[in-house]
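This report concerns only the one structure given below.
Protein chains: 2
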Amino acid sequence: MEKNIEISLLFDFYGQLLKEQQQQTVTLYYNDDLSLSEIADQLNITRQGVRDSIKRAENLLFSYEEKLGLMKRFQKTEMGLYKIESLAEELADGYDKNTVQQIIDTAKSLHE
Amino acid sequence: MEKNIEISLLFDFYGQLLKEQQQQTVTLYYNDDLSLSEIADQLNITRQGVRDSIKRAENLLFSYEEKLGLMKRFQKTEMGLYKIESLAEELADGYDKNTVQQIIDTAKSLHE
């Protein structure tokens, strides 16, 4: 089972919607980097049970994002905020009307 | 049953996680402003069935927000973006270092 950075990100967003055991297995596997066997020992379930729990959790996390798309929306906003910050840093070094307009346009494009 | 603006907002965020019939009843009730009886006729279920479906949907929507808090987070970001836009509009009228700094600080406070 390949560890996937996207799962960690999705888990930060939607993890609270998972069942408690799924939250435990995903956290131990992705955040604490334990092996399936180590998790099995710790939670007193079979290695296959751990694998199934993580697999189901991953599928749920992907389905939440497919339905809601909130992580994608957040990431777009984050990018825009970094852009605004960097444009404003330029302005701190010297005034430029065009840069001000870019900040306005970026902020506008990000709110509804 | 009181119609609640918060439900409409929550539905925009999390509606896709509800069952299809719940999505239908909530949409007809909150967006299309039909009465329980009209919805019952249209979906060919009882008036009580409509009421129960909407109630369950409302509880789920509240629980999603309670667990994930994404609507609140989005709203905070929206407010910040409006603030940035308004600060940048001020800059378009005249340069002020303090305003530039406020834009930088606001953008920083909104991304992770």
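Residue numbers (the numbering used here), protein chains in the order written: chain C, 1 to 112; chain X, 1 to 112. Cβ coordinates follow ideal geometry from the N, Cα and C atoms, glycine included. The structure presented is a predicted model; accordingly, all values stated were derived computationally and were not measured.
Practice problem: Using a Cβ cut-off of 8 Å, pull out every chain C residue sitting near X/Gln-21, in sequence order please. | Solution: Neighbours of X/Gln-21 on chain C: none; closest Cβ ~16 Å, over 8 Å.
Quiz item: Any beta-carbon of chain X closer than 8 Å to the one on C/Leu-91?
Solution: Interface residue, yes.
Exercise. Give the single residue among X/Ser-63, X/Thr-46 and X/Asp-41 whose Cα lies nearest to the Cα of X/Phe-13.
Key: Relative to X/Phe-13, the option among X/Ser-63, X/Thr-46 and X/Asp-41 whose CA is nearest is X/Ser-63.
Exercise. Closer than 7 Å, Cβ to Cβ, to anything on chain C: give me those residues from the region 79–90 of chain X, in chain order.
Key: Hits within the stretch, in order: Leu-81, Tyr-82, Ile-84, Glu-85, Ala-88 and Glu-89.
Quiz item: With DSSP run on the structure shown, which of helix, strand or coil describes C/Asn-127?
Solution: Nothing about residue 127 of chain C can be reported from this structure: the residues present for chain C run from 1 to 112 only.
Exercise. Determine the chain C residues that contact X/Tyr-95 at a beta-carbon separation under 7 Å, and present them in chain order.
Key: Within chain C, the residues near X/Tyr-95 are Tyr-95.
Quiz item: In three-state terms, what does DSSP make of C/Leu-87?
Solution: If DSSP states are grouped into helix, strand and coil, C/Leu-87 belongs with the helices.
Quiz item: For X/Ser-35, does the three-state DSSP call read helix, strand or coil?
Solution: DSSP places X/Ser-35 in coil when its eight states are reduced to three.
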